[in-house]
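Heads up, the thing below is written out as structure tokens.
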Amino acid sequence: MGRFALKAPPELVGIILDFDWDRERLHALELPVDEVAVCELRWQLDLRWWKHDDRHFAVAPNEVRTDPIRYHVHWQRTHAAQLTFPIHLAETTPARWTILDGVHRLLKADVLGHSRIRAVRVPSTKLASIAL
Numbered sequence: 001m002g003r004f005a006l007k008a009p010p011e012l013v014g015i016i017l018d019f020d021w022d023r024e025r026l027h028a029l030e031l032p033v034d035e036v037a038v039c040e041l042r043w044q045l046d047l048r049w050w051k052h053d054d055r056h057f058a059v060a061p062n063e064v065r066t067d068p069i070r071y072h073v074h075w076q077r078t079h080a081a082q083l084t085f086p087i088h089l090a091e092t093t094p095a096r097w098t099i100l101d102g103v104h105r106l107l108k109a110d111v112l113g114h115s116r117i118r119a120v121r122v123p124s125t126k127l128a129s130i131a132l
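All residue numbers for the sequence shown refer to the numbering used here, where the first residue is 1 and numbers rise by one.
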């Protein structure tokens with residue numbers, strides 16, 4: 001089991017991968033880029049994905065949205081995020097797509113009122129290729 005999955009709060013069990021993975025391997029996958037409705041992914045903006053101070057899984061994107069001064073590091077990352085680069089979604093259970101990479105991009109798209117976001121769907125059959 002991955003080091004982050006071991007520390008994950010109950011709300012993220014079954015959502016985040018239970019193994020460590022490599023971002024370079026993820027970005028090297030040759031998979032089609034599609035568009036996904038932001039509203040289909042918006043529920044994930046209430047999950048505590050991000051580190052704050054020294055605590056992992058301490059803050060949710062919507063908390064950053066409502067208190068950008070307190071969470072200025074994530075707010076700055078959100079505004080700097082490039083929406084031309086697709087988010088990556090993992091098929092964590094059949095037909096359930098959760099964010100693997102790109103939470104800041106999703107938050108930015110939502111803040112800006114975008115209805116769709118560019119996305120790469122990583123099927124469960126490809127997950128082993130990004131594992132460490």
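For glycine and all other residues, C-beta sits at the position ideal for the given N, C-alpha and C.
Which ranges would you report for the alpha helix (DSSP H) in the segment 57-124 if only whole runs of at least 4 residues count? 61-66, 72-80 and 103-111
Mapping DSSP to helix, strand and coil, what is residue 55? Strand at residue 55.
What is the DSSP secondary structure of residue 49, reduced to helix, strand or coil? Under the three-state reduction of DSSP output, residue 49 falls in the coil class, being neither helix nor strand.
In chain order, what residues of the same chain lie with their CB nearer than 6 Å to the CB of residue 136, ignoring the 5 residues before and after it? Residue 136 falls outside the range modelled here, since the chain spans only 1 to 132, and no answer is possible.
Do you know whose CA, among 12, 50 and 117, lies nearest residue 88's CA? 117
To the nearest angstrom, how far is the alpha carbon of residue 73 from that of residue 8? 21 Å
Using the Cα positions of residue 61 and residue 10, report the straight-line distance between them to the nearest angstrom. C-alpha separation (whole angstroms): 17 Å.
Whether residue 48 touches residue 58 by CB criterion (8 Å): Yes, Cβ-Cβ distance for residue 48 and residue 58 is below 8 Å.
For residue 81, I'd like the list of residues in its chain whose CB is within less than 7 Å of its CB, leaving aside the five on either flank, ordered along the chain. 104, 105 and 108
According to DSSP, is residue 28 helix, strand or coil? helix
Output the distance between the C-alpha atoms of residue 102 and residue 86, rounded to the nearest integer angstrom. 8 Å
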